[in-house]
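Residue numbers for the sequence shown follow our numbering, beginning at 652 and rising by one.
A quick write-up on the structure given underneath.
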Amino acid sequence: MKVVILAGGLGTRISEETSVRPKPMVEIGGKPLLWHVMRHYAHYGLKDFVICCGYKGEYIKEFFLNYRNLGSDFTIDLGSGEVNFHNPVDEDWKVTLIDTGADSMTGGRVRRARAAIGDSPFCLTYGDGVSNVPIDRLLEYHAEHGKWATVTAVRQPGRFGALGMSDDGVSVTGFREKGLDDGGHINGGFYVCEPEVFDLIEDDSTIWERDPMDKLVDQNQLAAFRHDDFWQCMDTLRDKSYLEEVWAQPDCPWRMVYEKASGQPREWIRTDIDHAQIPNRILTAV
Numbered sequence: 652m653k654v655v656i657l658a659g660g661l662g663t664r665i666s667e668e669t670s671v672r673p674k675p676m677v678e679i680g681g682k683p684l685l686w687h688v689m690r691h692y693a694h695y696g697l698k699d700f701v702i703c704c705g706y707k708g709e710y711i712k713e714f715f716l717n718y719r720n721l722g723s724d725f726t727i728d729l730g731s732g733e734v735n736f737h738n739p740v741d742e743d744w745k746v747t748l749i750d751t752g753a754d755s756m757t758g759g760r761v762r763r764a765r766a767a768i769g770d771s772p773f774c775l776t777y778g779d780g781v782s783n784v785p786i787d788r789l790l791e792y793h794a795e796h797g798k799w800a801t802v803t804a805v806r807q808p809g810r811f812g813a814l815g816m817s818d819d820g821v822s823v824t825g826f827r828e829k830g831l832d833d834g835g836h837i838n839g840g841f842y843v844c845e846p847e848v849f850d851l852i853e854d855d856s857t858i859w860e861r862d863p864m865d866k867l868v869d870q871n872q873l874a875a876f877r878h879d880d881f882w883q884c885m886d887t888l889r890d891k892s893y894l895e896e897v898w899a900q901p902d903c904p905w906r907m908v909y910e911k912a913s914g915q916p917r918e919w920i921r922t923d924i925d926h927a928q929i930p931n932r933i934l935t936a937v
């Protein structure tokens with residue numbers, strides 16, 4: 652299954668960083684936020700990525716073109732040009748980078764990437780938000796409920812619009828503005844989509860979070876996967892500082908990979924989540 656990541660927005664609310672690079676390339680712990688998102692999915696075996704580029708997309712392309720060179724020790728023969736890598740990076744990812752236009756909206760970017768995505772189910776998320784969403788359970792949930800799309804519903808106070816959900820917590824019934832004291836769930840990204848959603852996107856001006864999702868709601872084709880554990884987007888410098896603080900902690904919730912001391916091999920580990928203590932998210936279908 653392919654993972655589609657929206658990485659083309661302007662990021663105007665964090666212009667101190669995005670004046671020189673796209674928001675998903677702002678670094679947390681010395682690595683772009685986009686890299687953290689990709690590591691998350693790769694931990695669950697999803698390593699085929701489609702990156703929807705736009706604003707300063709060349710920055711993202713250069714990062715991946717140079718990923719192996721800059722991430723490895725090597726010996727180069729300047730005469731022949733031969734390069735021998737001594738400790739090449741271990742990511743076995745396939746990354747497709749698509750220029751989806753400087754001015755396209757989120758839905759338009761997905762539409763432009765359709766040929767690269769194909770006609771199979773796919774994951775979709777944003778390049779500026781991290782979480783410890785259990786992707787394996789998300790995929791199981793989506794398959795069990797059989798809807799065209801599943802959105803991960805997370806809790807976040809303050810400035811976000813909230814999701815309205817059915818009493819059993821399975822279906823999304825609408826969207827509304829969220830008050831400061833409202834404890835409801837919001838759209839946290841980390842979608843799973845069927846190819847039918849492409850027909851809901853009209854053109855480059857389509858905002859995925861509006862007409863397509865409203866149509867999914869009207870047709871009872873949008874499921875909600877509740878995730879009440881860690882989730883955080885990066886919209887402001889305050890968010891960036893917070894994520895830096897969390898990343899520096901030994902129990903960072905979204906850290907799927909721990910790098911041992913210099914010179915030691917990398918080791919895949921799970922996040923510190925006791926799934927038995929998480930409320931049942933595989934709910935009864937409508």
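Positions of the beta carbon are idealized from the N, C-alpha and C atoms, including for glycine.
Just so we're clear, the structure is a prediction, and the values are computed from it rather than from any experiment.
Close Cβ partners of residue i (< 8 Å) along its chain, the five nearest in sequence each way excluded
{"i": "GLY595", "result": "Because the chain here runs from 652 to 937, residue 595 falls outside it and cannot be looked at."}
{"i": "LEU894", "result": "ILE679, LEU684, VAL781, GLN883, MET885"}
Sequence-distant residues of the same chain with beta carbon closer than 6 Å to residue i, five excluded per side
{"i": "GLY780", "result": "GLY840, CYS884"}
{"i": "HIS793", "result": "THR801, VAL843"}
{"i": "LEU851", "result": "PRO863, LYS866"}
{"i": "HIS878", "result": "VAL784, THR803, VAL805"}
{"i": "SER817", "result": "THR824"}
{"i": "VAL897", "result": "CYS903"}
{"i": "ARG861", "result": "none"}
{"i": "VAL746", "result": "PHE700, PHE715"}
CB contact flag (residue i, residue j, <9 Å)
{"i": "VAL654", "j": "CYS844", "result": "no"}
{"i": "ALA804", "j": "ASN838", "result": "yes"}
{"i": "HIS836", "j": "ARG788", "result": "no"}
{"i": "ILE938", "j": "GLY778", "result": "Here the chain covers residues 652 to 937 and nothing more, so residue 938 does not appear."}
{"i": "GLU847", "j": "GLN872", "result": "yes"}
{"i": "PRO772", "j": "MET864", "result": "no"}
{"i": "PHE714", "j": "TRP744", "result": "no"}
{"i": "GLY820", "j": "VAL868", "result": "no"}
{"i": "TYR718", "j": "VAL740", "result": "yes"}
{"i": "LYS712", "j": "GLU742", "result": "no"}
{"i": "PHE849", "j": "ARG765", "result": "yes"}
Outcome for residue i when other beta-carbon atoms lying within 10 angstroms are tallied against a minimum of 16
{"i": "VAL671", "result": "exposed"}
{"i": "ALA693", "result": "buried"}
{"i": "VAL734", "result": "exposed"}
{"i": "SER892", "result": "exposed"}
{"i": "HIS737", "result": "exposed"}
{"i": "SER822", "result": "buried"}
{"i": "LYS798", "result": "buried"}
{"i": "LEU814", "result": "buried"}
{"i": "ALA899", "result": "exposed"}
{"i": "LEU987", "result": "Here the chain has residues from 652 to 937 only, and residue 987 is not among them."}
{"i": "LEU721", "result": "exposed"}
Per-residue DSSP class, three states only, for residue i
{"i": "LYS674", "result": "helix"}
{"i": "LEU661", "result": "coil"}
{"i": "ARG788", "result": "helix"}
{"i": "VAL848", "result": "helix"}
{"i": "ASP750", "result": "strand"}
{"i": "TRP898", "result": "helix"}
{"i": "TYR777", "result": "strand"}
{"i": "GLY839", "result": "coil"}
{"i": "ALA800", "result": "strand"}
{"i": "ASP699", "result": "strand"}
{"i": "ILE727", "result": "strand"}
{"i": "GLY815", "result": "strand"}
{"i": "PRO863", "result": "helix"}
{"i": "LYS712", "result": "helix"}
{"i": "GLN764", "result": "In the sequence on display, residue 764 carries Ala and not Gln. Coil."}
{"i": "LYS891", "result": "helix"}
{"i": "ARG719", "result": "helix"}
{"i": "GLY732", "result": "coil"}
{"i": "HIS878", "result": "strand"}
{"i": "VAL868", "result": "helix"}
{"i": "GLY759", "result": "helix"}
{"i": "ARG690", "result": "helix"}
Sequence-distant residues of the same chain with beta carbon closer than 7 Å to residue i, five excluded per side
{"i": "THR776", "result": "ILE656, VAL688, GLY840, PHE841, TYR842"}
{"i": "TYR695", "result": "ILE786, ASP787"}
{"i": "VAL707", "result": "Reading the sequence as shown, one finds Lys at residue 707 and not Val. ARG672, PRO673."}
{"i": "MET756", "result": "ASP855, SER856, THR857, ILE858"}
{"i": "ILE768", "result": "LYS653, VAL655, VAL701"}
{"i": "ASP770", "result": "PRO846"}
CB contact check: residue i to chain C, cutoff 9 Å
{"i": "ASP886", "result": "In the structure shown, chain C cannot be found, because there is only a single protein chain."}
(message) Assess contact between the stretch 716–733 and the stretch 672–682, defined as three or more Cβ pairs (one per stretch) separated by less than 8 Å. Is contact present?
(response) As far as the Cβ criterion goes, the stretch 716–733 does not touch the stretch 672–682, which means the pair count is below three.
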